[in-house]
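Asks:
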Amino acid sequence: MTVCTLSNLDFEYELAAGQRYQSVPIMRKVSQKWQSILRLLPGAEDAECYALDAMAPSFSFECEEVERLFVWGVTPGAVRLAQKMGCTQAFPDPEVVREVNDKRFSHRLEKEFGVALPYSCIVEDLGALKDAIAKCPTDWILKHPFGVSGRERVLGKSQTLTKQAEGWAARQLKRGWTLLFEPWVQEKKDASLHLTITSSGDILQLGYCELITDGSGTHRGNGVFPSHHPPEQVLSVGLQAAEVLKKLGYWGDVGFDVFSGVLEGQPVLRPIVEINARCSFGRLTLALQSWIPEDWGLFWWHPTQKICTQMTAEHGPLRPFLPGTNVPGLYVLPPSIDPEQRSGTFVLVSEDVAELNEAYLLRMVSEGGV
């Protein structure tokens, strides 16, 4: 029996488009870049790895009957592929997966749990958007329900709606979407809480990651530090939310994006920014953490292509990061996970956790020009 993986990192796009979805070249390229990344998950270390081209009707498989298919996220296309492979494993209902990954769902949970940001709301038309902007004394952000990594959103200044932002909102509303309006929080520190819901209904804690993004909101890395634990409210709300997901019929890995920051001069903690009921780079960072001594820290850095080229020129060939690593330093992912170093990422590990604190990471990223 064979174990396989599918790097369907176009997960949110398929959920948003539904039956009419067709992958686009840029997402097929992303999928190929990360084709082997799910080998980091327990049980998938020796898996045969497939990218989005495997989902084409004309694609044929030479592997034996598949016992298990690890996917980035459960979608109708991923379930059809498993069936085509002869894989009989059960998946959660893709419609449930779609529901819980929708940012409007996480917003409703925030409201229910009493932790939503002030002025945040779901916008159903341009009139409601203008009303929300008028009531919000700060800068703001408007999000598509299935936006990812800083895309499918617009930012606005306090009490201001530009023609560009209004045009973007009008197009999304015309397509039948309602949108999520939020105040813009300053001095944000991002993190993620990771749990897994087993098929038998147990909720397990996997860990807590620091998240680094650049000015555009693009993901630039994850850090794991043994001294950093989720705030009590973050863990409590995350476990409450996981219970809701379980009752709806979801099981599998789930990550809760979290941030702390300043709003109207006051500190705020947001336990659920959004729900990622799928695999994530935070979840995979926790898998990498298991390769080093438990009291060490780790940062998985995703720089721009320009900085990646500079780093390679400066440091030359780097050692592959492997299970059991106990020498501090800068590494690349091993060939089994990242053939030919296509990901352009680096792993920094140290026994001196102070060296890996958030200020250091942010400075390193800033000096890298990302």
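According to our numbering, the residues represented by the sequence shown are 879 to 1248, in order. Positions of the beta carbon are idealized from the N, C-alpha and C atoms, including for glycine.
#1: I think Phe-1177 touches Leu-1226, with their Cβ atoms under 8 Å apart; what is that distance to the nearest whole Å?
#2: Please state if the CB of Val-1136 and the CB of Pro-831 are separated by a distance shorter than 9 Å.
#3: Is the separation between the beta-carbon of Trp-950 and that of Leu-1039 shorter than 9 Å?
#4: In whole angstroms, give me the CA-to-CA distance for Asp-924 and Thr-880.
#5: Name the two residues that bound the continuous beta strand (DSSP E) containing Asp-1249.
#6: Straight-line CA distance for Cys-1186 to Thr-1223?
#7: CB-CB under 6 Å to Ala-895, same chain, minus the five flanking residues each way: which ones, in chain order?
#8: According to the neighbour-count rule (16 or more other Cβ atoms, all chains shown, within 10 Å of its Cβ), is Thr-1203 buried or exposed?
#9: Look at the alpha carbon of Gly-1005 and the alpha carbon of Arg-1197, and state the distance between them as a whole number of angstroms.
#10: For the putative contact between Val-1001 and Phe-1059, defined by C-beta atoms under 8 Å, what is the C-beta separation to the nearest angstrom?
#11: Here's the rule I'm using: 16 or more other beta-carbon atoms within 10 Å means buried, otherwise exposed. How should Glu-981 be labelled?
#12: If you run the structure through DSSP and keep just helix, strand and coil, what is Gln-1037?
#13: At which residues does the beta strand (DSSP E) containing Phe-1059 begin and terminate?
#14: Which one of Leu-1141, Trp-1046, Gly-1101, Tyr-928 has the shortest CA to CA distance from Glu-1065?
#15: Which ranges does the beta strand (DSSP E) cover as unbroken runs of at least 3 residues, wholly within the region 953-1014, from first to last along the chain?
#16: Starting from Glu-1249, trace the alpha helix (DSSP H) in both directions and tell me its first and last residue.
#17: By the DSSP assignment, the alpha helix (DSSP H) with Leu-1117 in it spans what residues?
#18: In whole angstroms, what separates the C-alpha of Leu-1113 from that of Pro-1149?
#19: DSSP beta-bridge partners for Gln-1083?
#20: Could you spell out the range, first to last residue, of the beta strand (DSSP E) harbouring His-1097?
#21: Take Ile-1090 as the anchor and find which of Arg-1098, Leu-1084, Gly-964 has the nearest alpha-carbon.
#22: Give the straight-line distance between the Cα atoms of Lys-1067 and Glu-942, rounded to the nearest whole angstrom.
#23: Quick check on the DSSP output: the beta strand (DSSP E) that includes Leu-1208 runs from which residue to which?
#24: Per DSSP, Leu-1226 forms a beta bridge with which residues?
#25: Locate the beta strand (DSSP E) running through Ile-1019, then write down its first and last residues.
#26: Are three or more beta carbon pairs between the region 1076-1087 and the region 1154-1168 nearer than 8 Å?
#27: According to DSSP, simplified to helix, strand and coil, what is Arg-1197?
#28: If you reduce the DSSP assignment to three classes, tell me which class Glu-1192 lands in.
#29: Would you decide whether Asp-1080 is buried or exposed? Buried here means 16 or more other CB atoms lie within 10 Å of its CB.
#30: Along the chain, where does the alpha helix (DSSP H) that runs through Leu-1162 open and close?
#31: Between which two residues does the alpha helix (DSSP H) holding Ser-1138 run?
#32: Out of curiosity, what's the CA-to-CA distance linking His-1072 and Asn-979?
Replies: Looking at the atomic coordinates:
#1: 5 Å
#2: Nothing about residue 831 can be read from this structure; the chain reaches only from 879 to 1248.
#3: No. Outside cutoff.
#4: 9 Å
#5: In the structure as shown, the chain begins at 879 and stops at 1248. Residue 1249 is therefore absent and cannot be evaluated.
#6: 7 Å
#7: Excluding residues within five positions, none has a Cβ falling inside 6 Å.
#8: buried
#9: For Gly-1005 and Arg-1197, the distance between alpha carbons rounds to 56 Å.
#10: 5 Å
#11: It is Lys, not Glu, that sits at residue 981 in the sequence shown. Its Cβ being crowded by 16 or more others within 10 Å, Lys-981 is buried.
#12: coil
#13: DSSP places Phe-1059 in the uninterrupted beta strand (DSSP E) bounded by 1057-1061.
#14: Of all alpha-carbon atoms in Leu-1141, Trp-1046, Gly-1101, Tyr-928, the one lying nearest the alpha-carbon of Glu-1065 is that of Leu-1141.
#15: 999-1001
#16: Shown here, the chain extends from 879 to 1248; a query on residue 1249 therefore has no answer.
#17: 1110-1126
#18: 8 Å
#19: According to DSSP, which records beta bridges pairwise, Gln-1083 is partnered with Leu-1073.
#20: 1097-1102
#21: Arg-1098
#22: 46 Å
#23: 1207-1209
#24: Phe-1177, Leu-1208
#25: 1018-1021
#26: Flag = yes, the region 1076-1087 and the region 1154-1168 touch.
#27: coil
#28: Note: Glu-1192 maps to helix in three-state DSSP.
#29: exposed
#30: 1159-1167
#31: Premise fails: Ser-1138 lies in the beta strand (DSSP E), 1130-1141, not in any alpha helix (DSSP H).
#32: Spanning the two alpha carbons is a distance of roughly 15 Å.
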